[in-house]
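Presented below is the structure to which this report refers.
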Amino acid sequence: SAGVNDTDKELADAIAKELDRQQHEIELIASENIVSKAVLEAQGSVLTNKYAEGYPGKRYYGGCQFVDLAENLAIERAKKLFNCEYANVQPNSGSQANQSVFQALIKPGDTILGMSLDAGGHLTHGAKPNQSGKWFNAVQYGVREDTHLIDFDEVRALAKEHQPKLIIAGGSAYPRQIDFAKFREIADEVGASFMVDMAHFAGLVAGGAHPNPLDHCHVATTTTHKTLRGPRGGMVVTNDETIAKKVNSAVFPGIQGGPLMHVIAAKAVAFGEALTDDFRAYAAQVVKNARAMSEAAKASGLDLVSGGTDTHVALIDLRPKKVTGKDAEAALGRAYITCNKNGVPFDPEKPAITSGIRVGSPAGTTRGFGEAEFSQIGEWIGEIVDAVASGDPSSTEARIAEDVKALTARFPIYETLG
Ligand code: PLP
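Take any residue in the sequence shown, count from 1 to its spot, add 16: that is its number in UniProt numbering.
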């Protein structure tokens with residue numbers, strides 16, 4: 017039957033242009049990746065047609081025997097990846113994974129303690145405009161001004177003072193490994209549950225390039241589309257049977273209806289890929305590449321939040337260059353380098369402007385870039401920021417745009433799509 021190229025030229029055109037953009041730009045957005053064709057195929061499959069409220073073997077609809085196979089594969093593979101007993105692979109997003117834990121473990125009005133947005137936390141960890149900040153008494157911890165590392169004295173003091181029911185660790189722009197054991201110690205001191213949102217670094221955990229938070233937390237949530245390199249979606253994992261049961265009820269019927277079975281199938285494929293030796297090599301390379309890019313950026317005179325990275329992501333503080341995150345993001349974009357403006361700790365600028373950019377290595381590493389390519393990218397970032405600071409970046413942008421075209425041509429993606 018006719019495909020989208022035949023039936024809907026306008027929409028097909030948007031997809032073709034996005035494919036071209038992904039092929040020809042350097043993707044540095046730390047929360048993005050490039051999924052395999054197998055993941056794309058599973059997500060684009062007939063499983064999208066199926067309603068399957070409930071869980072494998074206990075559905076509220078008939079005809080679920082084959083989607084059950086897919087969901088069980090995803091669950092079993094997730095358990096192996098994170099060395100845990102229970103996995104719920106149904107959350108439609110990372111935000112909903114977090115929401116499901118909240119519904120499972122706490123009640124509106126309860127106190128939670130999470131990392132503030134400006135220190136690198138996520139909206140769903142208690143930020144004011146988010147449901148987590150509106151429905152709970154959200155207390156927020158930050159980082160130390162001198163080291164940009166989590167201030168555990170502050171975390172302990174806030175925990176003792178506010179007696180949270182739930183403590184949350186993990187973030188969207190925190191470049192360093194987090195001391196999960198210390199968090200658990202504090203949670204135990206005040207009788208709180210401890211949740212780690214490993215959305216950003218889950219792929220590094222799966223690939224053995226980062227400590228596993230499940231060694232210390234009661235429950236962990238994640239997205240499946242960042243370093244884990246699966247379809248957009250969420251997941252909850254735990255070793256605690258009582259929490260697992262509560263989370264299952266919270267996901268369905270608590271906050272969701274029919275699970276996205278095509279996405280769950282694609283999660284199963286991605287988790288299968290993440291169990292391979294190739295993925296272990298990938299995860300190790302992601303960390304090496306982020307470090308290479310950070311070192312090169314530093315060598316070209318840029319400041320890094322916390323002085324560097326030990327994960328997939330780095331935050332560049334542009335204040336010494338008197339350049340805003342907004343202007344740097346736009347200039348890099350004109351050179352076909354895609355990143356996002358990002359607040360830095362104690363940022364004097366508004367969130368729509370910011371003093372920083374966030375750069376990550378997951379997508380570039382997937383397309384085959386190694387340390388040499390990421391060092392080059394770090395240098396280009398330095399050159400472009402200097403050019404913006406000088407007031408006339410156009411010739412530098414144009415020159416680097418040509419170099420970016422040549423680099424992406426050497427590392428093609430999705431050659432047989434489109
Ligand atoms: N948690 C963290 C740490 C994140 O960085 C994100 C996404 O940026 C989320 C949760 C939310 O995921 P989603 O965008 O799938 O709702």
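Ideal Cβ positions, reconstructed from N, Cα and C, are used throughout, including at glycine.
Mind checking residue 456: buried by the 16 CB within 10 Å criterion, or exposed? Residue 456 is absent from the structure shown; the chain starts at 17 and stops at 434.
Are at least three pairs of beta-carbons, each pair with one atom in the stretch 348-361 and one in the stretch 384-399, less than 8 angstroms apart? Yes: the two stretches touch, three or more of their Cβ pairs being nearer than 8 angstroms.
Contact belief for residue 375 with residue 46 at Cβ below 8 angstroms, rounded distance in angstroms: Residue 375 sits at position 359 when you count from the first residue of the sequence shown. Residue 46 sits at position 30 when you count from the first residue of the sequence shown. With a Cβ gap of about 7 angstroms, residue 375 and residue 46 count as contacting.
Is residue 128 near residue 181, with beta carbons less than 8 angstroms apart? Counted from its first residue, the sequence shown places residue 128 at position 112. Counted from its first residue, the sequence shown places residue 181 at position 165. Their beta carbons are under 8 angstroms apart, which means residue 128 touches residue 181 by this criterion.
Tell me the DSSP secondary structure of residue 156 in three-state form. Locating residue 156 in the sequence shown gives position 140, where the first residue counts as 1. Here residue 156 sits in strand by DSSP.
Inside the stretch 203-251 only - beta strand (DSSP E) runs reaching at least 3 residues: Counting only runs of 3 or more, we get 209-213, 235-239.
As a quick exercise: from 433, 242, 197, 140, pick the residue whose alpha carbon is nearest that of residue 150. To locate residue 150, count along the sequence shown from 1; it is residue 134. Looking only at 433, 242, 197, 140, the smallest Cα-Cα distance to residue 150 is reached by 140.
Ordered along the chain, which non-local residues of its own chain (more than five positions away) have a Cβ less than 8 angstroms from that of residue 39? In the sequence shown, residue 39 corresponds to position 23, counting from 1. Answer for residue 39: 424, 428, 429, 430, listed in chain order.
Three or more C-beta pairs closer than 8 angstroms, one from the stretch 166-185 and one from the stretch 298-310: is that the case here? At 8 angstroms Cβ cutoff, the stretches do not touch.
What ranges does the beta strand (DSSP E) occupy inside the stretch 111-157, keeping only unbroken runs of at least 3 residues that lie completely in it? With a minimum length of 3 residues, the continuous beta strand (DSSP E) runs that stay inside the stretch 111-157 are 127-131, 153-157.
Verify the contact flag: residue 111, CB atom, against every heavy atom of the ligand SAM, threshold strictly below 7 angstroms. The ligand SAM is not among the ligands present in this structure, which contains only the ligand PLP.
4-residue-minimum alpha helix (DSSP H) runs that sit fully inside the stretch 330-391, ordered along the chain: Runs of the alpha helix (DSSP H) spanning 4 or more residues and lying entirely within the stretch 330-391 occur at 341-350, 378-382, in chain order.
Evaluate residue 34 with the Cβ neighbour count: other Cβ atoms within 10 Å of its Cβ, from every protein chain shown; 16 or more gives buried, anything less gives exposed. As a first step, residue 34 is located in the sequence shown; it is residue number 18 there, counting from the start. Counting every other CB atom within 10 Å of its CB across the protein chains shown gives residue 34 a total below 16, marking it as exposed.
Hey, would you say residue 68 sits closer than 8 angstroms to residue 55, going by beta carbons? Along the sequence shown, one-based indexing puts residue 68 at 52. Along the sequence shown, one-based indexing puts residue 55 at 39. Inclusion of residue 68 and residue 55 in the CB contact set at 8 angstroms is not warranted, their separation being larger than that value.
Which one or two residues does DSSP pair with residue 184 in a beta bridge? In the sequence shown, the residue the question calls residue 184 occupies position 168. For residue 184, the pairing in a beta bridge is given by DSSP as 211.
Among 190, 185, 94, whose alpha-carbon lies nearest the alpha-carbon of residue 198? Within the sequence shown, the letter at position 182 stands for residue 198. Taking the Cα of residue 198 as reference, the smallest distance to any Cα among 190, 185, 94 is reached at 185.
By Cβ distance below 6 angstroms, which residues in the same chain neighbour residue 225 in space, the five residues on each side in sequence not counted? In the sequence shown, the residue the question calls residue 225 occupies position 209. 299, 300, 303, listed in sequence order.
Just to check, is the beta-carbon of residue 61 closer than 7 angstroms to a non-hydrogen atom of the ligand PLP? Within the sequence shown, numbered from 1, the residue matching residue 61 stands at position 45. In this structure, the C-beta of residue 61 stays at least 7 angstroms away from each heavy atom of the ligand PLP.
Along the chain, where does the beta strand (DSSP E) containing residue 102 start, and where does it finish? Residue mapping note: residue 102 aligns to position 86 of the sequence shown, counting from 1. Note, residue 102: beta strand (DSSP E), 102-104.
Determine the burial state of residue 367: buried for a count of at least 16 other Cβ atoms within 10 Å of its Cβ, exposed for fewer. Mapped onto the sequence shown, residue 367 falls at position 351. Burial call: exposed.
Under 8 angstroms, with one C-beta from each stretch per pair, do the stretch 308-318 and the stretch 202-219 reach the 3-pair mark? Contact between the stretch 308-318 and the stretch 202-219 is absent, because fewer than three Cβ pairs lie under 8 angstroms.
Hey, how far is the Cα of residue 241 from the Cα of residue 48? Position 225 of the sequence shown holds residue 241. Position 32 of the sequence shown holds residue 48. For residue 241 and residue 48, the gap between their C-alpha atoms comes out near 7 angstroms.
Got a sec? Which residues, its chain only, sit under 7 angstroms from residue 412 by beta carbon, not counting five neighbours each side? The residue given as residue 412 occupies position 396 in the sequence shown. Result list for residue 412: 399, 400, 403, in chain order.
Excluding the five sequence neighbours on either side, which residues of its own chain have a C-beta within less than 7 angstroms of the C-beta of residue 63, listed in chain order? Stepping through the sequence shown from its first residue, residue 63 is reached at position 47. Counting only Cβ-Cβ distances below 7 angstroms, and skipping sequence neighbours, we find 83, 86, 277, 278, 281.
Residue 384 beta carbon less than 8 angstroms from that of residue 42: As a first step, residue 42 is located in the sequence shown; it is residue number 26 there, counting from the start. As a first step, residue 384 is located in the sequence shown; it is residue number 368 there, counting from the start. Cβ distance not < 8 angstroms, so residue 42 and residue 384 don't count as in contact.
Rounding to the nearest angstrom, what Cα-Cα distance links residue 190 and residue 213 in this structure? Within the sequence shown, numbered from 1, the residue matching residue 190 stands at position 174. Within the sequence shown, numbered from 1, the residue matching residue 213 stands at position 197. Rounded to the nearest angstrom, the two C-alpha atoms are 12 angstroms apart.
Run the proximity test for residue 222: is its beta-carbon closer than 7 angstroms to any non-hydrogen atom belonging to the ligand PLP? Here residue 222 refers to the residue found at position 206 when the sequence shown is read from its first residue. Incorrect: residue 222 has no Cβ contact closer than 7 angstroms to the ligand PLP.
Tell me whether residue 305 counts as near the ligand PLP, meaning its Cβ is closer than 7 angstroms to at least one heavy atom of that ligand. Position 289 of the sequence shown, counted from the start, is the residue given in the question as residue 305. Placement of the Cβ of residue 305 at a distance of 7 angstroms or more from every heavy atom of the ligand PLP is found.
Who are the near neighbours of residue 2 in its chain, counting only those whose CB is closer than 6 angstroms to its CB and skipping five residues on each side? Here the chain comprises residues numbered 17 to 434, so residue 2 is not present and cannot be evaluated.
Of the choices 179, 272, 297, 135, whose alpha-carbon is the least far from that of residue 363? Position 347 of the sequence shown, counted from the start, is the residue given in the question as residue 363. Considering only 179, 272, 297, 135, the residue with the shortest C-alpha distance to residue 363 is 135.
Can you find a heavy atom of the ligand PLP that lies under 7 angstroms from the Cβ of residue 79? Residue 79 sits at position 63 when you count from the first residue of the sequence shown. Because no heavy atom of the ligand PLP lies under 7 angstroms away, the Cβ of residue 79 does not count as near it: no.
Closest to residue 219 by CA distance: which of 350, 202, 244 is it? By one-based count along the sequence shown, residue 219 stands at place 203. When only C-alpha atoms are compared, the closest one is 244.
Could you check how far apart the C-beta atoms of residue 329 and residue 308 are, in whole angstroms? I think they sit under 8 angstroms. The residue given as residue 329 occupies position 313 in the sequence shown. The residue given as residue 308 occupies position 292 in the sequence shown. Contact doesn't hold; Cβ gap of about 14 angstroms is too wide.
Along the chain, which unbroken stretches of the alpha helix (DSSP H) at least 4 residues long are found entirely within the stretch 259-344? You should have 277-290, 293-315.
Is residue 386 near the ligand PLP, in the sense that its beta carbon is under 7 angstroms from a heavy atom of that ligand? By 1-based counting over the sequence shown, the position of residue 386 is 370. Not so, every heavy atom of the ligand PLP lies at least 7 angstroms from the Cβ.
Residue range of the alpha helix (DSSP H) that includes residue 83: Counting from one through the sequence shown, the residue named residue 83 turns up at place 67. Here the alpha helix (DSSP H) through residue 83 covers 81-97.
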